[in-house]
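What follows is a short report on a single structure.
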Amino acid sequence: MEKWKQFTETDTTLLFVSTKGNLKKIDKATSKESSIKAPVRNDGRRTYILPNGKSVLVYRLVADAFIPNPENKPTVNHIRGLDAGDGVDNLEWATHAEQDEHARETGLKTPGNTPAIVLDSNGIVIAQYDNIGEALTSYDGRNVYYNKDTQIIGNVVIMKQSYYDKLSEDERFNICYECFQRMTEFAYIVDGQLVENGTKTAEMIGRSQSTVVQRAKNKWSTNINGHEVSKLKNRIGVFNDNTKQEDKIYETVNIK
725 MEKWKQFTET DTTLLFVSTK GNLKKIDKAT SKESSIKAPV RNDGRRTYIL
775 PNGKSVLVYR LVADAFIPNP ENKPTVNHIR GLDAGDGVDN LEWATHAEQD
825 EHARETGLKT PGNTPAIVLD SNGIVIAQYD NIGEALTSYD GRNVYYNKDT
875 QIIGNVVIMK QSYYDKLSED ERFNICYECF QRMTEFAYIV DGQLVENGTK
925 TAEMIGRSQS TVVQRAKNKW STNINGHEVS KLKNRIGVFN DNTKQEDKIY
975 ETVNIK
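Next up, the structure:
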């Protein structure tokens, strides 16, 4: 039997996750229920954008809601692989070492490590890993390809150590900045879901792309045809204009 638990809420909506890895929302005023389709990243992981703009993996929501973690293990492992889904019967809490061992046992990881560096948007090193596979599974967020040696997950850049060592400090900074811009430039958030571009956003809410672009421009969020719509880069403050919501003006942070 599928069970549900609330994981967050907004002023108007209650948000729930189920033991089968499904998501739904309930309108506070009308009690109307509707399902939420979670976007799938390039690596096959399903994500959801929380009301605060933070991206979270659906299987992490399931584990947090339904699977005890008395040892406070930091990661969630898919017992039978991603293709078996995000239900509780396919998930377990695991350490990084347990993740690596499971990957080797199931043939997902072969002997031989490719060291990786994790950087922030300014090109500052924030972590180092002996294996790039471990680095890629240690961070949540949208996965955006940059080149064969570099990709961005959420708000961090993951780079092969050998590639990093060849770059100057300025080159590292420029790559990280370009990665960050690429991730945020065209993406929107619609009712808490990350949407790849304006075209798909327009299709989802039943309005023209020009309406989406104009209404969401320089705003924290706006209501279009009954949907809460935001441009992702506006939510995280990577533009130079003032961000507006109704009559309020919010200070933004300019990344240098």
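All the letters of the sequence shown, read from the start, carry residue numbers 725 to 980 under the numbering used here. For every residue, glycine included, the Cβ atom is placed at its ideal position computed from N, Cα and C.
For Gln-933, which residues from the same chain have a beta carbon less than 6 Å from its beta carbon, with the 5 sequence-adjacent residues on both sides left out? What you label residue 933 is simply residue 209 of the sequence shown in a count that begins at 1. Excluding sequence positions up to five before and after Gln-933, its CB lies within less than 6 Å of the CB of Gly-922, Thr-923 and Ala-926, all in the same chain and listed in chain order.
Taking 8 Å as the limit between beta carbons, can you name the residues of its chain near Leu-982, skipping five residues before and five after? As displayed, the chain neither begins before 725 nor continues past 980, which places residue 982 out of reach and without an answer.
Do you know how far the Cα of Ala-808 is from the Cα of Tyr-870? Counted from its first residue, the sequence shown places residue 870 at position 146. Counted from its first residue, the sequence shown places residue 808 at position 84. Roughly 28 Å separates the two Cα atoms.
N- and C-terminal bounds of the alpha helix (DSSP H) containing Lys-924: Residue numbering aside, residue 924 sits at position 200 when the sequence shown is read from its first letter. Following the DSSP letters along the chain, one finds Lys-924 inside the alpha helix (DSSP H) bounded by residues 922-929.
What would DSSP say about Ile-841, mapped onto helix, strand or coil? For this step, residue 841 is matched to residue 117 along the sequence shown. If DSSP states are grouped into helix, strand and coil, Ile-841 belongs with the strands.
Beta-carbon separation (whole angstroms), Arg-765 vs Asn-898, contact threshold 8 Å: In the sequence shown, counting from the first residue as 1, residue 765 sits at position 41. In the sequence shown, counting from the first residue as 1, residue 898 sits at position 174. In this structure Arg-765 is not in contact with Asn-898, their Cβ atoms being roughly 25 Å apart against a cut-off of 8 Å.
As an exercise, report each continuous beta strand (DSSP E) stretch of at least 3 residues that is fully enclosed by the stretch 746-829, in chain order. You should have 747-751, 757-760, 771-773, 779-781, 799-802 and 815-818.
Is it right to say Ser-954 is buried, meaning 16 or more other beta carbons lie within 10 angstroms of its own, or is it exposed? The count along the sequence shown starts at 1 and reaches residue 954 at position 230. With 16 or more Cβ atoms within 10 Å of its Cβ, Ser-954 is classed as buried.
So for Asn-978, helix, strand or coil by DSSP? Along the sequence shown, one-based indexing puts residue 978 at 254. Any reading at Asn-978 is ruled out, since the residue's pLDDT is 34, under 50, leaving its predicted position unreliable.
Between Thr-861 and Ala-821, what straight-line distance do the alpha-carbon atoms span, to the nearest angstrom? Taking the first residue of the sequence shown as position 1, residue 861 is located at position 137. Taking the first residue of the sequence shown as position 1, residue 821 is located at position 97. About 12 Å.
Would you call Ala-911 buried or exposed, if buried means 16 or more other Cβ atoms sit within 10 Å of its Cβ? Here residue 911 refers to the residue found at position 187 when the sequence shown is read from its first residue. So Ala-911 counts as buried.
Let me confirm a value: Asn-958 is counted as buried when at least 16 other C-beta atoms fall within 10 Å, else exposed. Which label applies? The sequence position of residue 958 within the sequence shown is 234, counting from 1. With 16 or more neighbouring CB atoms inside 10 Å of its own CB, Asn-958 falls in the buried class.
With a Cβ-Cβ cutoff of 8 Å, do Ser-779 and Thr-771 count as a contact? The residue labelled residue 779 in the question sits at position 55 within the sequence shown. The residue labelled residue 771 in the question sits at position 47 within the sequence shown. Taking 8 Å as the Cβ cut-off, Ser-779 and Thr-771 qualify as a contacting pair.
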